[in-house]
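Just so you know, we're using numbering that gives the first Met the number 0 here: the sequence shown kicks off at 0 and counts up by one. In this text, a Cβ means the ideal position worked out from N, Cα and C, and glycines have one as well. Read the structure below first, then the notes.
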Amino acid sequence: MSRQYHRRQTSPLTQNFPAHVQKFTVVFAAIITCCNSNAAGTTPFSGDIPVFTEQALEAGIIHSYDGPWEYFVGGGVAVLDCNGDRKPDLFFAGGESPAKLYINQSDTGGELKFTENPGYSNAVQKSVTGAYPLDIDNDGLMDLALLRVGRNRLLRGLGDCKFDHASEELKLPAAQNQWTTAFSATFEPGLPYPTLVFGNYVNRRAPGSPWGTCADHQLYRPVRGNKSNAIYPDSLSLSPGYCTLSMLFTDWNRSGRASLRVTNDRQYHRGGEEQLWHFNEGAQPRLYTRNEGWKKLVIWGMGIASADLNADGYPEYALTSMGDTKLQHLEFDAFEESGWPQYRDMAYENGATAHRPYTGDDLKPSTGWHAEFDDLNNDGLLDLFITKGNVEQMPDFASTDPDNLLLGKHSGGFHEAGDVSGIALPTRGRGGAVADLNHDGQLDIVVVNRSSNISLFRNRGARYLDRTRPSGNWLQIELQQDSINRNAIGATINVKSGNTTRTRTIEVGGGHASGASGFIHIGLGVAERATVRVRWPDGQWSASYRAFANNFLLIKRRQPEASYWYPVPAGE
Numbered sequence: 000m001s002r003q004y005h006r007r008q009t010s011p012l013t014q015n016f017p018a019h020v021q022k023f024t025v026v027f028a029a030i031i032t033c034c035n036s037n038a039a040g041t042t043p044f045s046g047d048i049p050v051f052t053e054q055a056l057e058a059g060i061i062h063s064y065d066g067p068w069e070y071f072v073g074g075g076v077a078v079l080d081c082n083g084d085r086k087p088d089l090f091f092a093g094g095e096s097p098a099k100l101y102i103n104q105s106d107t108g109g110e111l112k113f114t115e116n117p118g119y120s121n122a123v124q125k126s127v128t129g130a131y132p133l134d135i136d137n138d139g140l141m142d143l144a145l146l147r148v149g150r151n152r153l154l155r156g157l158g159d160c161k162f163d164h165a166s167e168e169l170k171l172p173a174a175q176n177q178w179t180t181a182f183s184a185t186f187e188p189g190l191p192y193p194t195l196v197f198g199n200y201v202n203r204r205a206p207g208s209p210w211g212t213c214a215d216h217q218l219y220r221p222v223r224g225n226k227s228n229a230i231y232p233d234s235l236s237l238s239p240g241y242c243t244l245s246m247l248f249t250d251w252n253r254s255g256r257a258s259l260r261v262t263n264d265r266q267y268h269r270g271g272e273e274q275l276w277h278f279n280e281g282a283q284p285r286l287y288t289r290n291e292g293w294k295k296l297v298i299w300g301m302g303i304a305s306a307d308l309n310a311d312g313y314p315e316y317a318l319t320s321m322g323d324t325k326l327q328h329l330e331f332d333a334f335e336e337s338g339w340p341q342y343r344d345m346a347y348e349n350g351a352t353a354h355r356p357y358t359g360d361d362l363k364p365s366t367g368w369h370a371e372f373d374d375l376n377n378d379g380l381l382d383l384f385i386t387k388g389n390v391e392q393m394p395d396f397a398s399t400d401p402d403n404l405l406l407g408k409h410s411g412g413f414h415e416a417g418d419v420s421g422i423a424l425p426t427r428g429r430g431g432a433v434a435d436l437n438h439d440g441q442l443d444i445v446v447v448n449r450s451s452n453i454s455l456f457r458n459r460g461a462r463y464l465d466r467t468r469p470s471g472n473w474l475q476i477e478l479q480q481d482s483i484n485r486n487a488i489g490a491t492i493n494v495k496s497g498n499t500t501r502t503r504t505i506e507v508g509g510g511h512a513s514g515a516s517g518f519i520h521i522g523l524g525v526a527e528r529a530t531v532r533v534r535w536p537d538g539q540w541s542a543s544y545r546a547f548a549n550n551f552l553l554i555k556r557r558q559p560e561a562s563y564w565y566p567v568p569a570g571e
């Protein structure tokens with residue numbers, strides 16, 4: 000295992016308290032820990048701290064997420080390669096303003112540079128709250144699922160960063176007048192196209208909206224056996240819905256079958272809670288119950304991130320909220336005995352609550368949105384990035400609330416480095432993404448801000464004395480299959496160097512209204528080579544591939560060897 004986490008039974012800050020007590024407890028915890036944001040201990044951080052430079056305007060990106068109260072939530076970005084050059088392009092939700100697509104023209108290892116493509120689609124471009132890329136029709140081109148206030152849209156990728164409205168062609172039934180803020184997709188066994196779930200927030204049509212009027216979700220399963228056209232029959236409602244802001248298909252128990260994890264905002268529904276749905280072949284989805292070990296958890300749920308932090312095969316989950324972030328770990332003894340999905344919150348003991356601003360004088364609770372695990376300093380440990388920002392002008396929560404960069408520590412837990420790394424801006428973040436935008440092996444950050452311009456942080460490497468140097472070694476891996484599920488959604492990648500194994504799973508969903516496709520990034524620390532194995536979505540394992548560090552690796556199923564892909568050098 001790459002690292003162990005403390006198993007001491009520590010109660011979460013606010014678990015099982017009444018709502019008014021929870022709010023007081025969060026504020027009190029912020030005060031008593033005002034001088035120590037690293038609850039995991041006072042051991043100095045000995046790893047590399049990445050240095051980021053914000054350069055959205057210099058890169059050519061001018062865009063913000065705006066609109067009235069229906070756009071207080073949402074505000075996502077989709078990261079995808081829309082023209083086949085393997086550079087990550089960026090699609091931004093705009094809320095009341097039009098959504099925008101920016102084409103990546105950055106030189107390899109150079110400054111970030113993007114050009115707007117205003118004619119990317121003839122579909123409706125307004126009222127977009129979020130976007131997720133995936134290949135819906137198995138043609139090898141990335142499509143886009145658009146979340147909207149109103150009718151959701153599917154955009155079919157045509158190549159050359161062009162998209163066409165495809166909701167009618169795919170026979171996706173209209174869900175009129177919804178307020179959609181979450182999405183996830185998976186390929187279920189035996190189905191030729193992905194299963195899609197659109198997660199809705201408040202029911203805008205109900206009397207008394209928004210209070211107590213959460214909307215159900217729409218599930219779309221493709222017609223079985225129809226491989227010539229992706230056809231989705233009438234949607235199935237997943238009920239009850241509790242004002243969800245994020246959802247994720249996830250194989251939590253390593254069964255080879257994904258369940259649907261849903262995080263919900265208790266702001267508008269006092270009886271709501273977190274949810275986990277069974278998805279079994281040929282059966283109607285149903286909720287996990289108390290009799291199956293599912294424990295009630297009530298938070299202001301905003302975003303989900305999953306990662307196998309200790310390489311034991313079972314994912315941990317970060318759940319952002321207004322107040323403290325949860326970091327859930329499967330209770331393995333209970334799981335082995337009963338198979339139940341019982342989780343323990345280990346955020347406090349690992350310094351990952353992110354419950355208040357870590358810099359400045361504002362001691363009120365934070366508001367967390369998008370969350371994402373990745374290795375931003377290439378030391379071989381997963382880090383946790385969280386976007387932050389007041390919903391609008393909520394006086395009980397911090398008004399200046401910078402994004403978090405929680406760096407993984409070799410001794411266990413996380414260390415806050417947002418201020419010293421250069422990402423602590425006084426913006427109101429919403430969606431976000433972590434991606435290598437200029438193919439230099441170092442992960443950059445993009446954040447969608449409410450009512451202010453996008454934040455685009457270029458990773459310049461690790462801080463060393465009065466300069467920067469490249470951070471640790473890395474691999475970036477792309478998987479390909481033939482015919483169905485070309486991008487291997489549901490596959491697991493194991494990368495071993497020395498005695499350390501690092502695990503990544505390809506998923507569509509989670510975060511906050513934001514999704515990404517493309518290369519999977521793995522930091523290797525000082526290792527110069529690694530062995531890669533892939534567990535494909537149907538459970539079959541690949542051969543072992545030996546790879547040298549600092550390369551882009553292409554793995555095609557049923558081919559005996561992997562191949563390297565080399566980005567075009569700057570100036571060519």
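With a threshold of 8 Å on Cβ separation, who are the neighbours of residue i within its own chain once the five nearest residues in sequence on each side are excluded?
i    : result
L157 : L140 and D163
P87  : V78, L79, D80, N103, A434, D435, L436, A515 and G517
W68  : E391
R285 : W276 and H277
A542 : R532 and P559
For residue i, count the other beta carbons within 10 Å of its own beta carbon; 16 or more makes it buried, fewer makes it exposed. Which is it?
i    : result
T352 : buried
R545 : exposed
K387 : buried
E560 : exposed
K295 : exposed
P188 : exposed
Q480 : buried
W564 : exposed
L56  : exposed
P314 : buried
To which residues does DSSP link residue i through a beta bridge?
i    : result
R573 : Here the chain has residues from 0 to 571 only, and residue 573 is not among them.
N472 : G524
H328 : R343
H216 : L237
N493 : T502 and R532
R457 : T52
I303 : L318 and G510
L79  : D88
F182 : F197
Please list, in chain order, all residues of the same chain as residue i whose beta carbon is under 7 Å from its beta carbon, the five residues on each side excluded.
i    : result
K593 : Here the chain covers residues 0 to 571 and nothing more, so residue 593 does not appear.
W473 : N377, G440, H520, I521, G522, L523, A548 and N549
S398 : D361 and N389
G407 : L380, L381, D382 and F413
A257 : T185, F248, T249, D250, F278 and G489
DSSP state of residue i, grouped into three classes?
i    : result
L244 : strand
E527 : coil
N448 : strand
E53  : strand
D435 : coil
N37  : Residue confidence is low: N37 scores 45 on pLDDT, short of 50, so the model does not pin down where it sits. Its coordinate-derived value is still stated next. Looking at N37 - three-state DSSP - the assignment turns out to be coil, as it is neither helix nor strand.
G428 : strand
V123 : coil
A333 : helix
Q266 : helix
Y70  : helix
S105 : coil
D418 : helix
E115 : strand
R152 : strand
P289 : The sequence given here has Arg at residue 289, not Pro. It is helical.
A144 : strand
N349 : helix
A257 : coil
A58  : helix
A317 : strand
S63  : coil
D163 : strand
What does a CB cutoff of less than 6 Å around residue i pick up in its chain, not counting 5 residues either side in sequence?
i    : result
D65  : G94, E95, S96 and S450
G430 : G74, G75, V76, H369, V447, H511, A512 and S513
T562 : According to the sequence displayed, residue 562 carries Ser and not Thr. L553, listed in sequence order.
T504 : T491
G302 : S245, T319, W368, H369, A370, G510 and H511
Considering only heavy atoms of the ligand NAD, does any lie closer than 8 Å to the CB of residue i?
i    : result
L247 : Looking at this structure, you won't find the ligand NAD or any other ligand, since it has none at all.
- [ ] Please go through the region 357-412 and give each complete beta strand (DSSP E) segment of 3 or more residues, from N-terminal end onward.
- [x] 367-373, 382-387 and 403-407
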